[in-house]
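The sequence shown runs 1 to 164 under UniProt numbering.
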Amino acid sequence: AIGKLLFKPTDYIRNFCSQSEDTEQQIIRETFHLVSKRDENVCNFLEGGMLIGGSENKLIYRHYATLYFVFCVDSSESELGILDLIQVFVETLDKCFENVCELDLIFHVDKVHNILAEMVMGGMVLETNMNEIITQVDAQNKMEKSEVRAAALVHRDSFIVILF
């Protein structure tokens, strides 16, 4: 099962396991230390650090420009399968944000969560077809926009301004 997704360690963590915030921060630091020191020419997976369960877990990552996308998975997961999952995730982000950058990920964390939720739920991979993922995310966005319009119409008569 997929346990965590990390990228740009201080900006975003999606955790499918419950841990204290202190432990989470230690894991982020340890993961960043393990991954950032690696040469660009080595394989993109390694045993997890001691905080992540050591040899029971693996860190599988890809580095794009200034961002690291890191998945912490148990030892039964396929390294190449997770690398493909990261690739689909990044390509989907790129399509949704039109040339995704770090600021898109910081200021649109909810959209990133929605994209990831279409792909992975409860640590299990559900969908890897980028077109299907984008279709579902677009449907969610349309529903949210219609709810915002409905909320604005309901409150217009009482002069309440709602900013979303």
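Don't be surprised by glycine CBs; every beta carbon is placed ideally from N, CA and C.
query, result
"Distance, asparagine 99 Cα to aspartate 157 Cα", "The predicted position of aspartate 157 is uncertain, since its pLDDT is 48 and thus under 50; a value taken from the coordinates is nonetheless stated next. Rounded to whole angstroms, aspartate 157 to asparagine 99 spans 40 Å at the Cα level."
"Expected contact under 8 Å - CB spacing of isoleucine 86 and isoleucine 115 to nearest Å", "Incorrect: roughly 13 Å between the Cβ atoms, too far for contact."
"Pick from Phe45, Tyr64, Asp22, Glu91 that is closest to cysteine 72, judged by C-alpha positions", "Phe45"
"Beta-carbon spacing of valine 70, threonine 31 below 9 Å", "yes"
"Given residue 178 as reference, the closest of Val112, Asp84, Leu83, Val88 once Cα atoms are compared", "With the chain running from 1 to 164 in the structure shown, residue 178 is simply not present."
"C-alpha gap between glutamine 19 and isoleucine 82, whole angstroms", "23 Å"
"Backbone secondary structure at aspartate 11 - three-state DSSP", "Low confidence applies here, because aspartate 11 scores a pLDDT of 44, under 50, leaving its location unreliable and the question unanswered by this model."
"Pair within 9 Å by beta-carbon distance, leucine 126 and leucine 67", "no"
"Nearest-angstrom Cα separation, counted from glutamate 21 out to tyrosine 61", "22 Å"
"Backbone secondary structure at lysine 37 - three-state DSSP", "coil"
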